[in-house]
Structure formats: structure tokens, C-alpha cells
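Residue numbers (my numbering): 2 to 173.
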Amino acid sequence: MSQRPVQLVYCSRQRIDPRRLDLELAGIVQASVRNNRASDVTGLLLAHAGWFLQVLEGAPAQLKSTYARIIDDRRHIGCQVLSATPIGERQFGDWNMCARRLTREDDAILGVLALRDRFDPSRFDAKTALGLLLAVRNIRDRLSLNSPVGDAKRAQLSAGKPGSAAQQIPAR
Ligand SMILES: Cc1cc2nc3c(=O)[nH]c(=O)nc-3n(C[C@H](O)[C@H](O)[C@H](O)COP(=O)(O)O)c2cc1C
């Protein structure tokens with residue numbers, strides 16, 4: 002019997018030279034898509050102001066092994082779980098992984114969420130963290146507002162979608 006998926010949200014501090022951030026993120030997305038597709042994990046990774054904020058969704062065992070691998074990664078430190086909740090339906094099921102740097106164009110999102118001047122995910126409650134991730138998910142699908150670092154839609158949705166950043170990073 003398949004178990005209900007779990008949604009895990011965590012934050013961490015980046016340990017990446019800012020000049021290498023795009024490159025490293027592209028590598029993270031590439032490995033993530035490969036692994037997450039194999040274990041049916043989906044999610045979204047945000048990079049902003051020296052922080053990572055990531056949501057991961059999947060069956061409990063798969064999520065556990067994925068997160069165990071992630072927290073061992075030396076490109077970040079201080080992983081802190083903000084929420085871990087069984088869910089009826091995935092909210093980030095469109096991507097095996099998508100990474101995005103928040104830029105000035107995203108200022109509106111931060112403004113609406115009143116996070117512009119105090120971006121510190123370690124102090125976010127679960128609702129605020131998920132609200133930000135969902136807001137980014139919503140604009141990601143509507144427009145390509147700025148250059149995403151990389152994403153790869155799930156296999157069944159990716160085929161031929163014009164302008165998808167999946168084209169930049171080979172996902173299969
Ligand atoms: C912030 C962050 C998020 C990551 N997210 C994922 C992920 O969702 N899935 C994954 O497999 N690896 C993720 N990684 C990469 C893993 O830490 C690890 O490098 C990778 O899984 C190794 O894969 P490989 O053994 O197939 O090369 C992430 C790394 C960082 C720093």
C-alpha cells in the first residue's frame with residue numbers, strides 16, 4: 002500500500018562563493034533531477050541572501066534518504082526543518098527539482114509577505130515559509146520573469162514546453 006506523501010520544508014545557510022552560485026545551483030539541479038526522478042521526489046529550491054529554502058515532497062522513506070544526503074552536502078550548513086507534514090496531494094508535483102534565485106523582480110513577493118528587510122528563514126514559521134515557496138511556484142509557471150537557474154519539469158510534463166529552463170539543463 003502506498004503511503005501518503007510527506008512535505009518537508011527546511012532552510013540552511015549557503016557556503017558557496019557568490020560568484021559560483023549559479024554554477025553550483027545548476028549542478029545541484031542536475032543531480033537532484035536525476036535522483037529525485039528515480040525516487041519520485043518533487044520540490045523547489047530557493048536561494049536568497051545567503052540562504053537556501055527548499056521544499057521536498059515524496060514517500061517518507063524516499064524523503065528521508067534524500068534529506069540525509071542533502072544535509073551532508075558541504076555547500077550549505079545548519080539545515081533546520083521548518084515543517085514536515087503528511088499531505089493529501091503534492092503542491093510542487095510539477096518539478097523533480099527547480100532552483101531559483103530571488104532577484105529584484107521578486108521584490109514584490111517579498112514585499113507582499115513583508116519579508117523584504119528581514120529575510121531570515123530560520124525565523125519563519127511553517128506558514129510563512131510555505132507561502133513564499135508557493136508564491137514563487139505560482140509565478141514560475143505563469144511567466145519566465147527572470148532567468149531561472151534551472152528546473153526540470155517532471156517527465157510527463159516536460160516534453161516540448163517552450164521556454165522551459167529544462168532545456169538548459171539536460172534532465173534525462
Ligand atoms: C541546498 C541543496 C539542495 C539539494 N537538493 C537535492 C535534492 O533535492 N535531491 C538530490 O538528490 N540532491 C540534492 N542536493 C545535492 C545532494 O546534496 C548531493 O550532492 C547529491 O544528491 C549527490 O548525488 P549523486 O550521488 O547522484 O551525485 C542538494 C544540495 C544542496 C546544497
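In this text, a Cβ means the ideal position worked out from N, Cα and C, and glycines have one as well.
Distances between the C-beta of S33 and the heavy atoms of ligand 1 include at least one below 7 angstroms.
Uninterrupted beta strand (DSSP E) stretches at least 3 residues long and entirely within the stretch 29-87 occur at 43-49, 52-59, 77-87, given in chain order. D126 and G132 have their C-alpha atoms spaced approximately 10 angstroms apart. In the structure shown, A115 falls within a coil segment according to DSSP collapsed to helix, strand and coil. Proximity of the beta carbon of R5 to ligand 1 is not indicated: no heavy atom of the ligand is located closer than 7 angstroms. Contact annotation: the stretch 106-120 does not touch the stretch 69-84, with fewer than three C-beta pairs closer than 8 angstroms. Here the stretch 23-37 makes no contact with the stretch 77-93; the two share fewer than three CB pairs at distances below 8 angstroms.
Under the DSSP definition of a beta bridge, V10 partners with V56, S84.
Using a cutoff of 7 angstroms, the CB of Q8 does not count as near ligand 1, since none of the ligand's heavy atoms is closer than that.
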